[in-house]
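One line per chain: the protein sequences are A and B, in this order.
Okay, so the first sequence: first residue is 23 according to my numbering, each after it adds one.
Okay, so the second sequence: first residue is 21 according to my numbering, each after it adds one.
Each residue gets a CB set at the ideal place from its N, CA and C atoms; glycine is no exception.
Bear in mind that the values here come from a model prediction, so they are computed numbers and not experimental data.
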Amino acid sequence: MAGRDEAKKLGLTDLEYDEILNILGREPNFLELTLYSVMWSEHCSYKNSKRVLKTLPTEGPQVLQGPGENAGIVDIGDNLAIVMKVESHNHPSAVEPYQGAATGAGGVIRDIFAMGARPIALLNSLRFGNLDGERAKYLFKGAVAGIGDYGNAMGVPTIGGEVYFDDAYKENPLVNAMCVGIIRHDKIVRGKAAGVGNSVMIVGAATGRDGMHGASFASGELSDENPDQGSPMQVGDPFKEKQLMEACLELLEKEWVIGVQDMGAAGVVSSTCETAARAGSGIELDVALVHQRDENMKPHEIMISESQERMLVIVEKGHEDDVKEIFKKYDLEASKFGTVTDDGMIRILENGKLVGEVPAKSLAEGVPIVKRESRRPAFLDELNIDISKIPVPEDLNQVLLKLFDSPNIANKAYAYWQFDQTAGTDTVVPPGSDAAVLRIKGSKKGIAVSIDGNGYYCYLDPFEGGKQVVAEAARNLVVTGAKPLALTDGLNFGNPEKPEVYYQFEECVRGISEASLVLGIPVISGNVSFYNEGRETAVYPTPIIGMVGVLDDVSKHCTMGFKKEGDLVVLLGVNTDELGGSAYLKEVLDIEGGPAPRLNLDEELKVQACCLEAIKQGLVSSAHDISDGGLAVALAECCIAGQLGFEGEIESEVRPDALLFGEAQSRIIVSLVEEKLPELKKLAEEMNVKVSVLGTVKSDKNLNISVKTKGQVAGIIDVSIDEIAEISNNAIKRRVEYV
Amino acid sequence: MRCAVIQFAGSSGDGDCFHVCKNILNKAVEFVFYKESFAPEDFDLIILPGGASHGDYLRPGALAARSKVMKSVIEAAKAKKLVLGIGNGFQILLEVGLLPGAVLMNKGLKFFCDDVFVRVENPDTPFTALYKKGEIIRMPLACKYGNYYADGETIKGLKADNKIVFSYCDEKGNSTFESNPTGSIENIAGIVNSEGNVLGLMPHPERCAEELLGNTDGLRIFESVVRYIEGGKANGRS
């Protein structure tokens, strides 16, 4: 038997140990205690976040599967649905970036095909320390290569992503991977172990001692201490996963398949107890029947190993050989190691001898929910700065060029050139735009997908920041002409036991909820990662939002690049004098501080609806969201993408640096042929959206903006587009490559 | 015209090639699994698709080259059937000796994916008859091991026999080190065998064969093959 001391060593609290005694009515043995310790870790149980996550809007007529499954599913019409999920692999990537990021991609791809869907796209969201640090360079390069090599070998294109560098992520980088799959409604499979007597099988790679206690490792702060046994790291084998995917997709065509579940964190134990809990059933299994690659593995090791590229499959009794035959075709093993029962227990045998027995539901759902203390951080009051004391710089050209030299604003081709973007022949708009667009073969439809996060805004103001990240992800879809449908959230925070961190978490989720509700974009899946702290630093509160939208006719999609000389360039939305939280202050003037830009969700909704309608009616030739770096950066990006120039005179009361580089929300730049301006104005007026002409598209590749206040020139930008592009293209490369 | 797309273990470009043959060319097409075999007369065009077969383990293409289906591919090639290897398929053709040379890791030691420009060096093949000599086309490249290499004698032979079909170049057609992301010798992007019926190339023509995807420069490779097989005014017929 294993007592309270043993429980503590495994990371269980007194309260949790008492609850286990209460559930079992006896002392657990070491195996049983180990199972509770991994299943009740934060990573598997969400015990710190559950109470708050319940407040997220998860429903809508388009939602076919909300949170609680391998991945969420949203209807896109024509009997088609999109399956999606974002997952973090932060701690493994902090230790070994290549394998950590690779297995992160591998895990989230499995979540998608576990539902029966074929994965069609990967995206990623990455955070590292500033690129002047050697460690940050190493982590960035390793993570990009790892995530790339895995997806590339799988043949799943990586079509989008974002990366941000700040020393808040120096010790604890963030690596979030998102996968999107497509499925027909009638082919959806759920992770359920139903039907007494049905067979429980493990398919794919053999089980070894890798990834021991990975879930617990992910549920604590990073330290130099090594766990006693085994390594929490996993090693990815994309070839095996590709074979596993093809085998599973072939298997899932069969009507005798009951359920499938990815074996991710906490391997056999999590997949068996979760599938049983969902079906209200139990499973009796024999660990000796699991195919293994290490010798003399103990029952608890087999139960919690996180060896990659494995799945749990539940099939009707009698079809075990059919399963084996399918997997043999792909040179993979499949072993029946258990049976579905009706007593709700996970009963573990070793060579027929009972070694442990616990209620499935108690493992999957029975963790005592933690109500953490929450306190508004005192530093929030000290972060707001008085902008009026900052003088307007004389040389605004230099400001713009400096912004484009910041890896946070610059072109990210250094990363996405390492990703296969066009495998699958569905990529209509590749990475480098606001959102990627994919066509759906055999249909006129397409989808747009984006992933966004602004941890810095959330640090300055967690509530506004939470709202902003949802709004921006949606805006990025809208500018392609896609109607946003659903989102998946990756919530990355520090240690939730610290009241200030918990406050940030609660406020960010409150912001996400409000935006999700007002914009009508429900949360259908997600992931929470706490304890993202090192010895000296905690990460910015960093919610990542992955979002998918639908285009009814993908051939009518819109892109950000200016199209034609003489087109008018028009702003939808309103410029403000907000400068707080801007990349301009932070990257150019080296001033950290808020307030983060305000977001009025009603305004946001109107601007997005207007842009969407304008694209639908064919009024505009290009559309681009204004975000980091503000209006001037956005105009430059439209010029670079279209290989054209811009000239304009903007009359405004706003100080010129705020006008050009401030990050006021709910703004979109569109371009259009002059004759269509009256129609756009009429539409905008009907929708109560402010429209103003900024200037004209020029054939000479110059960005020429003159800002006037009360008729007087207050600031001028006049830079060659080629110069901006050159700086932007080299900003990351020159920092990470040794010459 | 009947097409075969070989499915090696871990192939991922198989579906893309199948899609082009079936939905763009409207031709009969079948998958052939790598554990199977076929007769030379079964197909007119055999495509070895891209995408890391066997995870690129050992060397890209090395394990796939030893699979059962390759015996049939070699026989078909001997029988003058058309064989097209794209990306990993090109690597397999090199490993099995249907084309001379080998590939190394790209000069940047990284995976590279972006559109590249290539110059059509030889329009007198069954695969390129619909291009003009010296024409500059754009195709997506997506590989980590695209750095084609062969010894001096081989290169001399390829040049003398006009077997270099595509070379990397810039937008204006200048073939330079900078315009070639792989670092391949002589900026080679694709070659044919001495009989002209086996083409291997690193860029992906099947990914640029539709207007919706923004580029149709690759389609003429497939259309040239159709013209060659089904007749017409193809000038590449030998």
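Would you kindly check if the distance between the Cβ of A/A645 and the Cβ of A/L725 is under 8 angstroms? Against a cut-off of 8 angstroms, the Cβ pair of A/A645 and A/L725 comes out as no contact.
Taking B/M21 as the reference, which of B/F186, B/D34, B/K101 has the closest Cα? The candidate whose alpha carbon is nearest that of B/M21 is B/K101.
Under 9 angstroms, CB to CB, which of the residues in the stretch 222-253 of chain B have a partner in chain A? Listed by position, the residues of the stretch 222-253 of chain B near chain A (Cβ gap below 9 angstroms) are H224, E226, R227, C228, A229, E230, E231, L232, L233, G234.
Rounded to a whole number of angstroms, what is the C-alpha to C-alpha distance between A/L37 and A/T294? Approximately 25 angstroms, taken between the alpha carbons.
Beta-carbon separation of A/V142 and A/V218 under 8 angstroms? Before going on, a small fix: residue 142 of chain A reads as Ile here, not Val. One thing to note: A/I142 has its Cβ no nearer than 8 angstroms to the Cβ of A/V218.
Residue ranges of each alpha helix (DSSP H) run of no fewer than 4 residues wholly in the stretch 184-246 of chain A, ordered along the chain? Within the stretch 184-246 of chain A, the alpha helix (DSSP H) runs of at least 4 residues that lie entirely inside it are, in chain order, 236-239.
Does B/F197 get closer than 8 angstroms to chain A when you measure Cβ to Cβ? By the rule that beta-carbons nearer than 8 angstroms mark a contact, B/F197 does not touch chain A.
Status (buried if at least 16 other CB within 10 Å, exposed otherwise) for B/F197: Burial call: exposed.
Considering only C-alpha positions, which residue in the set A/P119, A/D589, A/F52, A/L145 is nearest to A/V471? Considering only alpha carbons, the answer is A/L145.
Three-state class that DSSP yields for B/H74 in the structure shown: Correct three-state label for B/H74: helix.
Does A/A763 get closer than 8 angstroms to chain B when you measure Cβ to Cβ? Outside the shown range of chain A (23 to 761) lies residue 763 of chain A, about which nothing can therefore be said.
B/Y169 versus B/H74 - alpha carbon distance: About 22 angstroms.
Measure the C-alpha to C-alpha separation of A/V362 and A/G47 and round it to an integer number of angstroms. Those two C-alpha atoms are separated by around 24 angstroms.
For B/I208, write down the residues that DSSP places opposite it in a beta bridge. Secondary-structure assignment with DSSP links B/I208 through a beta bridge to B/S187.
Within a Cβ cutoff of 8 angstroms, which residues of the same chain sit near A/P390, ignoring the five residues on either side of it in sequence? Within its own chain, the residues whose Cβ lies closer than 8 angstroms to the Cβ of A/P390, once the five positions on either side in sequence are excluded, are L37, E38, E41, K69, listed in chain order.
Which two residues bound the contiguous alpha helix (DSSP H) that contains A/T294? Per DSSP, the unbroken alpha helix (DSSP H) holding A/T294 starts and ends at 289-301.
Against chain A, with Cβ distances strictly below 8 angstroms, would B/G261 count as a contact? Residue coverage of chain B in this structure runs from 21 to 258, which leaves residue 261 of chain B outside it and unanswerable.
Is it the case that the Cβ atoms of A/G366 and A/S303 are separated by a distance below 8 angstroms? Here A/G366 is near A/S303, since their CB atoms are less than 8 angstroms apart.
For a contact defined as C-beta to C-beta under 7 angstroms, what are the partners of A/S577 on chain B? What A/S577 touches in chain B, judged by beta-carbon distance under 7 angstroms, is L232, going in chain order.
Which full runs of the beta strand (DSSP E) of 3+ residues lie inside the stretch 355-381 of chain A, going along the chain? If only uninterrupted beta strand (DSSP E) runs of at least 3 residues are considered, those enclosed by the stretch 355-381 of chain A are 355-363, 367-372, 375-381.
Suppose the cutoff is 8 angstroms on Cβ atoms and the five residues either side in sequence are ignored; what does the same chain contact list for B/A57 look like? Residue identity differs from the one stated: residue 57 of chain B is Ser in this sequence, not Ala. Sequence-distant partners of B/S57 (beyond 5 residues in either direction) whose C-beta falls short of 8 angstroms from its own C-beta, in its chain, are K88, V89, K91, S92.
Out of B/Y248, B/A229, B/L233, which one is the CA nearest neighbour of B/C41? It is B/A229 whose Cα lies nearest to the Cα of B/C41.
State buried or exposed for A/G168, treating a residue as buried only when at least 16 other CB atoms are found within 10 Å of its CB. A/G168 comes out buried.
Thinking C-beta only, is A/K264 closer than 8 angstroms to A/A175? Yes; because the gap between Cβ atoms is below 8 angstroms, this pair is in contact.
Taking only three categories from DSSP, how would you classify A/K463? A/K463 carries a coil assignment under DSSP once its states are collapsed to helix, strand and coil.
Would you mind stating whether A/S428 and A/E609 have Cβ atoms separated by less than 8 angstroms? Less than 8 angstroms separates the beta-carbon of A/S428 from that of A/E609.
Output, in chain order, the set of chain A residues within a Cβ distance shorter than 7 angstroms of B/S204. Neighbours of B/S204 in chain A, taken as residues whose beta carbon is under 7 angstroms from its own, are absent, since the nearest beta carbon is some 17 angstroms off.
For A/N248, which residues from the same chain have a beta carbon less than 7 angstroms from its beta carbon, with the 5 sequence-adjacent residues on both sides left out? Residue placement at A/N248 is poorly supported in this model, since its pLDDT is 47, which falls under 50; the coordinates are not used for a value here.
Straight-line gap, A/A301 to A/G378 (C-alpha atoms, nearest Å): A/A301 and A/G378 have their C-alpha atoms some 21 angstroms from each other.
Along the beta strand (DSSP E) that carries A/V596, what are the first and last residues, could you check? Careful: A/V596 lies outside any beta strand (DSSP E) and carries neither H nor E.
Considering A/A618, what are the terminal residues of the beta strand (DSSP E) in which it resides? Taken as a continuous stretch (DSSP letters only), A/A618 belongs to no beta strand (DSSP E), as it is neither H nor E.
B/S31 and B/T148 - do their beta-carbons sit closer together than 8 angstroms? Not closer than 8 angstroms, so no.
B/S214 CB to nearest chain C CB: under 8 angstroms? Going by chain labels, chain C is absent from the structure shown, which instead holds the protein chains A and B.
DSSP three-state assignment for A/T56, whether helix, strand or coil: DSSP, reduced to helix, strand and coil, places A/T56 within a helical segment of the structure shown.
B/F137 vs B/S214 beta-carbon contact at 8 angstroms: The answer is no: Cβ separation not under 8 angstroms.
B/K192, DSSP secondary structure in three states: Here DSSP, grouped into helix, strand and coil, assigns B/K192 to coil.
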